[in-house]
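Residue numbers (our numbering), protein chains in the order written: chain A, 1471 to 1681; chain B, 1471 to 1681; chain C, 1471 to 1681; chain D, 1471 to 1681.
From the three backbone atoms N, C-alpha and C, an ideal C-beta is built for every residue, glycine too.
One structure is given below, encoded as structure tokens.
Structure, rendered in structure tokens:
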């Protein structure tokens, strides 16, 4: 199965990141969910409905890659499948973070009909793993919101299979999913996306044009 | 009457929530007031004029459901009747929070003439007790401000009797009242409303149209 | 002269308020200055050029009502005379706070040519000492910025002599002066003004009209 | 070489400033870098890729004025040369801070084609070393972003040689460089710039015109 010490360390690391993300205002009203890979088959993930700024080990559980509870009868986040399908899709993904910020919510609705947002001319684009310059274009796809996680995760994975070098996606009115090769990577990506969303929204407001 | 241990626990819980709400900027200049049901007849509520980020047990008092002080001669918040009329109206309400944020203030004035604000396409709508999808419409009524609490509370209760599934209301230029079946529920609702108000205001600004 | 214990208590109270105001972002880059009356002749006031979030007793000094140092050769804030002229003008004033926020700065420039800003329909107007309803109008005068403190303080006091019930003023591109019958009063007023400035600016942005 | 106690003190001072700047949101996703002069030849500077809110002595290294590592094989920030060229240019510069804020990012893009931003009518202009009044104009040059640090630093130094009394510059989509005769000076300047950028952006939004 999994090593209990590894689980405890992982749960504590998730709690620390959760506390940071909540302080930034990116987890209002128990929204958001976070996970970390334990091994090839198992994932530690936040349980459903907890306040993300005050997570304890009890608020983290283990699921397999089909999002079924392992070793407990806790209820994983409704969106656990959005996490596990990413781990299934790419063996290099070690952590997935879903934040729920004002900027991601508003921008995802603004660009909903275009199905994506294009970011360029930001130094911070270098932050995404593999990028070495600001002089490029970063795309983030935007999916319609749905309560059908099977459908939504299938859409996401299908998109990822056809589009390499994607570091996150938005769900309309719902927020950001991003990931990384470690929890630190995923956290850095979340910070970068949220910064870029805030920039892009201000940019839209003073320039006053779409596209 | 009431159990002193229950009162102390409740007062401490209100102080903790108050400290959180004040840190978020939702209780400027001693504004806001908070209450929790102690039993069928009595309510613990913040006294008038205190800084909401630094509440002690001394700053919480007991009132009956007509907002009269019980067991002390402290002065309850001017708006105590807005709390107690809710407890009278619905036996399931266990906590009431009144926040006073910039976004609620500005939006309540913007939509004042419509008497309500309509929210849709937000995942966070699921947060309100009883909702299970984002694919719905949530209404929040907006009442004209008044210093006549008897008149204002009568208006609110009359509205609630004719409109089920209401989770909060706005007073013009004054802020939000929301509630729940527990203090944690009410706090989650307050966080959700304030998040949605901020989203809605940004949404208005980049889309530039009313309705 | 003055009681050293009273000075120490007052200095500590000013430091606590300073730390709060700095945390709110209302004292960037050593801006802002704060004072408290010690007795009919003397005032405790922040010295020049200190970071307002980390004040110690050493950063507070005593001046007389003409803003001259008493009992030390420390240099008072350049704007000490704006404080002392208020204490001279009104024996009831016990504390004066000058905050330097983004919102006050931007609004004071926007309304500069009108010489005042008019606030109405805000519940928070009740916060100013003596007000009992939101159903009123609160005026805040706006003075052109100047490095000539004698000239500027004369203008302010002349205005106050002809206009009763004024609780603060703005200097263009420079920020807010407000006061109260105690330090707690002045702090409550500062919080109320800054909240109202933020509301008014958002209100302007979504309604898009001046006046 | 350099005194280890001086290095340790300097590293701790940089960490303290870094923690403050990160808390303000000016160092998202490991962005930003900070340095302090140790003596005429050597500089303490943050290493590459660290989270700026949690710097330890290990995250600070020594470089010479050509940005080469001294006494360690750590990798300095990619932008170390932007720091060291400033120390070479002006013997009075004792600290350099590069912040990466939303406001600096958005404004630097907005004014990119003009190559500079002009600030006037702000009391806070007095904060920059040598200024004694608000009644003046402060220019901040804006350079196109580049990953070629040799080219970028040559452009900056050439500009500074021809323009006295410059206290900072912007790189498009990338943020602020500012400096001072001490770390405290540089921090005060960073705070002033970031405050002025936020003011200028709000000013643009409510006045709705460029220039």
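Close Cβ partners of residue i (< 6 Å) along its chain, the five nearest in sequence each way excluded
i	result
residue 1571/C	1496, 1664
residue 1659/C	1637, 1648, 1650
residue 1598/B	1637
Straight-line Cα distance separating residue j from residue i
i	j	result
residue 1528/D	residue 1655/A	20 Å
residue 1545/C	residue 1521/C	15 Å
residue 1482/C	residue 1542/A	53 Å
residue 1630/B	residue 1636/B	7 Å
residue 1680/C	residue 1508/C	Unreliable placement is indicated for residue 1680/C, whose pLDDT of 43 sits below 50; the coordinate value is still reported in the next sentence. Roughly 42 Å separates the two Cα atoms.
residue 1498/B	residue 1479/A	40 Å
residue 1586/B	residue 1577/A	24 Å
residue 1573/C	residue 1670/D	11 Å
residue 1516/A	residue 1488/A	10 Å
residue 1645/C	residue 1610/D	23 Å
residue 1642/C	residue 1614/C	5 Å
residue 1602/B	residue 1596/B	5 Å
residue 1494/B	residue 1639/D	33 Å
residue 1501/A	residue 1616/A	15 Å
residue 1558/A	residue 1623/A	11 Å
residue 1621/A	residue 1551/A	10 Å
residue 1476/D	residue 1634/C	58 Å
residue 1518/C	residue 1505/D	27 Å
residue 1547/C	residue 1473/D	37 Å
residue 1540/A	residue 1632/A	32 Å
residue 1530/B	residue 1530/D	50 Å
Other residues of its chain near residue i: CB distance less than 7 Å, five sequence neighbours each side excluded
i	result
residue 1549/C	1503, 1568, 1619
residue 1652/B	1564, 1565
residue 1594/B	1662, 1665, 1666
residue 1492/A	1522, 1523
residue 1683/A	Only positions 1471 to 1681 of chain A appear in this structure, which leaves residue 1683/A out of reach.
residue 1592/D	1604, 1666, 1669
residue 1588/A	1607, 1609
Option in the options with minimal Cα separation from residue i
i	options	result
residue 1538/D	1477/D, 1514/D, 1592/D, 1485/D	1514/D
residue 1673/A	1474/D, 1582/D, 1555/D, 1480/D	1582/D
residue 1556/D	1480/D, 1627/D, 1671/D	1627/D
residue 1526/A	1485/A, 1659/A, 1622/A, 1588/A	1485/A
residue 1534/B	1617/B, 1512/B, 1476/B, 1472/B	1512/B
residue 1471/C	1532/C, 1609/C, 1491/C, 1517/C	1532/C
residue 1590/D	1642/D, 1677/D, 1605/D	1605/D
residue 1561/B	1588/B, 1510/B, 1519/B	1510/B
residue 1686/C	1519/C, 1584/C, 1540/C, 1632/C	This structure does not reach residue 1686/C, given that chain C is present from 1471 up to 1681, and the question cannot be answered.
residue 1579/C	1676/D, 1477/D, 1474/D	1676/D
Chain-ordered neighbours of residue i on chain A, where CB pairs are closer than 8 Å
i	result
residue 1661/B	1498, 1499
Chain-ordered chain D contacts of residue i [CB-CB under 8 Å]
i	result
residue 1603/A	1617
residue 1487/C	Under the 8 Å cutoff, chain D gives no residues; its nearest Cβ is about 19 Å from residue 1487/C.
residue 1597/A	1499, 1500, 1501
Closer than 7 Å at the beta carbon, the chain B residues around residue i
i	result
residue 1668/C	1572
residue 1658/C	1499, 1500
Chain-ordered chain C contacts of residue i [CB-CB under 8 Å]
i	result
residue 1579/B	1591, 1673
residue 1576/B	1669, 1672, 1673, 1676
residue 1566/D	None at all; the shortest Cβ gap to chain C is about 17 Å.
Cβ shell of residue i (< 8 Å), same chain only, five flanking positions each side left out
i	result
residue 1490/A	1657
residue 1625/D	1613
residue 1426/A	Past the boundaries of the shown model lies residue 1426/A; chain A is included only from 1471 to 1681, so the question cannot be answered.
residue 1600/A	1635
Within chain B, the residues that residue i reaches when beta carbons sit closer than 8 Å
i	result
residue 1585/A	Neighbours of residue 1585/A on chain B: none; closest Cβ ~16 Å, over 8 Å.
Contact set between residue i and chain D, taken where Cβ atoms lie within less than 9 Å
i	result
residue 1653/A	What residue 1653/A touches in chain D: nothing, since even the nearest Cβ is about 12 Å away.
Chain-ordered chain D contacts of residue i [CB-CB under 7 Å]
i	result
residue 1643/C	1591, 1592, 1593, 1604
**Study point:** Ordered list of beta strand (DSSP E) runs contained in the segment 1543-1623 of chain C, each at least 3 residues
**Key:** 1565-1569, 1586-1590, 1607-1613
Practice item. Kindly provide the ranges of any alpha helix (DSSP H) runs that are 4 or more residues long and lie completely inside the segment 1640-1664 of chain B, ordered along the chain. Key: none
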